[in-house]
Every structure is written in structure tokens, then in C-alpha cells.
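S.K.:
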Amino acid sequence: MANTVVKPRTKLKPKTQRPKLYKVILLNDDFTPREFVVQVLKTVFRMNTEHAYHVMMTAHRRGACVIAVYTRDVAETKAKEATELGKSKGYPLFFTTEPEE
Ligand code: TYC
1 MANTVVKPRT
11 KLKPKTQRPK
21 LYKVILLNDD
31 FTPREFVVQV
41 LKTVFRMNTE
51 HAYHVMMTAH
61 RRGACVIAVY
71 TRDVAETKAK
81 EATELGKSKG
91 YPLFFTTEPE
101 E
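In C-alpha cells form, the structure reads like this:
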């Protein structure tokens, strides 16, 4: 074994490309009724009542709450759709997106 030659590995392992993910964030405001926020979370983000209530109360208490992460297109479409639902009722309810680190 004294003459064993160790050959350095020259082939690069191909890395799997993963799409960048975006957070959808719910912002608190003083006007949108709590029940309406819960309804929007259930409709647009497919949450059950318990989860939607918990998310709504987190935004209410802390000012904002990360809802979920999606690819950019899905995150932006859902944030826009949810914001529009509030707007259609005259509420300032607002959803925004932010890239994940
Ligand atoms: N703060 C609102 C109220 O007291 C309820 C609310 C919660 C609004 C979360 C927006 O993201 C929100 N009626």
C-alpha cells in the first residue's frame, strides 16, 4: 500500500437548483375586522379556522406575521389577491412579500 496514489476528484457534483422562496407577510391595521382577516386567510391561504385565528392574532399583537412561503409568482399573486379582497370592502388590510434569506 506504500505506493498508493490518491487521485483528486475533478468532477464537480452538480447542485440541484432550487427556486428562491418568498414570504407572504400580513400587516396589522386598526380598522379591518378580525373576522374578516380570518376569512381572507382561510380563503386565499387555505388555512383552517384555528390556524387563521392564530395568525391574525399574531399580526394584531406584534404588527406583522409571516403567513407562508411560496415561489415568487405564487407569493405575489396571493398577497395581491388577499389585499384586493380587503380593498373591495373598503378595508386597509395589507399583505406584502419579501425574499427569504
Ligand atoms: N387590528 C384589527 C382590529 O383590531 C384586526 C386585524 C388583525 C387587522 C390583523 C389586520 O393583519 C391584521 N380590528
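Take 1 as the starting number for the sequence shown in my numbering and just add one per residue. Using N, Cα and C, we set each Cβ at its ideal position, and we do this for glycine too. Computed from a predicted model, the values in this text were never measured in an experiment.
Exposed or buried, which one is glycine 63 when buried takes at least 16 other CB atoms within 10 Å?
M.R.: With fewer than 16 other Cβ atoms within 10 Å, it is exposed.
S.K.: Can you tell me where the beta strand (DSSP E) with phenylalanine 94 in it begins and where it stops?
M.R.: Where phenylalanine 94 is concerned, the enclosing beta strand (DSSP E) stretches over 94 to 99.
S.K.: Near the ligand TYC, which residues have their beta-carbon less than 6 Å from any of its heavy atoms, given in chain order?
M.R.: Qualifying residues come out as Leu26, Leu27, Asn28, Asp29, Asp30, Thr32, Pro33, Arg34, Val37, Met56, Ala59, His60, Leu93.
S.K.: Got a sec? Which residues, its chain only, sit under 8 Å from lysine 23 by beta carbon, not counting five neighbours each side?
M.R.: Counting only Cβ-Cβ distances below 8 Å, and skipping sequence neighbours, we find Val66, Ile67, Ala68, Val69, Ala75, Thr97, Glu98, Pro99, Glu100.
S.K.: May I have a chain-ordered list of the alpha helix (DSSP H) segments no shorter than 4 residues that lie completely inside the stretch 46 to 91?
M.R.: Counting whole runs of 4 or more residues, the stretch 46 to 91 contains the alpha helix (DSSP H) stretches 49 to 62, 72 to 88.
S.K.: Is the stretch 33 to 49 close to the stretch 73 to 87, with three or more CB pairs under 8 Å?
M.R.: Because the criterion of three Cβ pairs below 8 Å is met, the stretch 33 to 49 and the stretch 73 to 87 touch.
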